[in-house]
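In our numbering, the protein residues as written are 223 to 390. Note that the Cβ used here is the ideal one computed from N, Cα and C, for glycine as well. All figures in this text were calculated on a predicted structure; none of them were measured in a lab.
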């Protein structure tokens with residue numbers, strides 16, 4: 223597994239509600255524990271003095287780091303759906319059917335499958351989502367004109383995330 227794929231995986235897991243994630247691929251094994259697990263363990267291990275020296279140093283550093291990080295994304299997440307809701311009334315959406323990395327074209331030297339202003343038909347390939355080294359062509363389930371591309375090329379996407387807005 224390449225370093226970029228591992229960092230993308232860490233970003234996806236940290237954005238999710240997962241407490242623990244394990245992946246085994248050949249001889250490589252990756253295990254990711256999120257801070258959600260650390261907070262509950264730290265609060266349980268502090269009451270006894272015997273456990274405090276052994277466990278508090280292990281769990282003390284992680285809680286301060288997530289606290290500043292988590293409040294920042296929450297306000298932006300609340301603003302984004304409000305903006306999307308206004309746009310949703312006029313447009314149809316093409317959503318991600320899986321978690322992975324979004325690509326607008328088949329390779330970096332090829333043109334994107336679709337651009338703003340293009341007309342698409344049901345069944346047209348609109349992008350690729352890479353998941354676990356598998357490149358999945360995503361086909362449109364609707365017809366219309368591409369109004370907006372909401373995701374940057376080569377960025378992680380979540381399940382059911384809106385990728386494109388389409389004028390019917």
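Requested in this report: Count the C-beta pairs between the segment 364 to 378 and the segment 330 to 346 that are closer than 8 Å, then say yes if the count reaches three, no if not.
Outcome: Result yes; three or more Cβ-Cβ pairs closer than 8 Å.
**Report entry** Pair within 7 Å by beta-carbon distance, residue 362 and residue 379
**Finding:** In the chain shown, the residue the question calls residue 362 occupies position 140. In the chain shown, the residue the question calls residue 379 occupies position 157. No, the pair does not count as a contact, with Cβ atoms beyond the cut-off.
Query raised in the report: Which whole-angstrom value describes the C-beta separation of residue 383 and residue 329, a residue pair presumed to lie in contact below a C-beta threshold of 8 Å?
Result: Counting from 1 along the chain shown, the entry for residue 383 is found at position 161. Counting from 1 along the chain shown, the entry for residue 329 is found at position 107. Contact doesn't hold; Cβ gap of about 23 Å is too wide.
Query - Paired residues, beta bridge with residue 368 - DSSP - result: Residue numbering aside, residue 368 sits at position 146 when the chain shown is read from its first letter. DSSP lists 388 as partners of residue 368.
Report task. List the DSSP bridge partners of residue 317. Result -> To locate residue 317, count along the chain shown from 1; it is residue 95. Looking at the DSSP output, residue 317 sits in a beta bridge with 384.
Query raised in the report: Under the DSSP definition of a beta bridge, which residues are partnered with residue 248?
Result: Here residue 248 refers to the residue found at position 26 of the chain shown. Paired residues: none, contrary to the question.
Query raised in the report: Hey, how far is the Cα of residue 377 from the Cα of residue 247?
Result: Indexing the chain shown from 1 puts residue 377 at position 155. Indexing the chain shown from 1 puts residue 247 at position 25. Counting only the Cα atoms, residue 247 lies some 22 Å from residue 377.
Report task. Would you mind sorting residue 345 into buried or exposed? The rule is 16 or more other CB atoms within 10 Å of its CB. Result -> Position 123 of the chain shown, counted from the start, is the residue given in the question as residue 345. Answer is exposed; the Cβ neighbour count stays below 16.
Query raised in the report: Which value, in whole angstroms, describes the spacing of the CA atoms of residue 399 and residue 364?
Result: The question about residue 399 has no answer here: the residues shown for the chain are numbered 223 through 390.
Query raised in the report: Looking only at its own chain, which residues have a Cβ that is under 7 Å from the Cβ of residue 335, when we skip the five neighbours before and after it?
Result: Position 113 of the chain shown, counted from the first residue, corresponds to residue 335. Sequence-distant partners of residue 335 (beyond 5 residues in either direction) whose C-beta falls short of 7 Å from its own C-beta, in its chain, are 326, 327, 347, 348 and 349.
Query raised in the report: Over what stretch of residues does the alpha helix (DSSP H) that includes residue 232 continue unbroken?
Result: Residue mapping note: residue 232 aligns to position 10 of the chain shown, counting from 1. Per DSSP, residue 232 belongs to the alpha helix (DSSP H) from 225 to 237.
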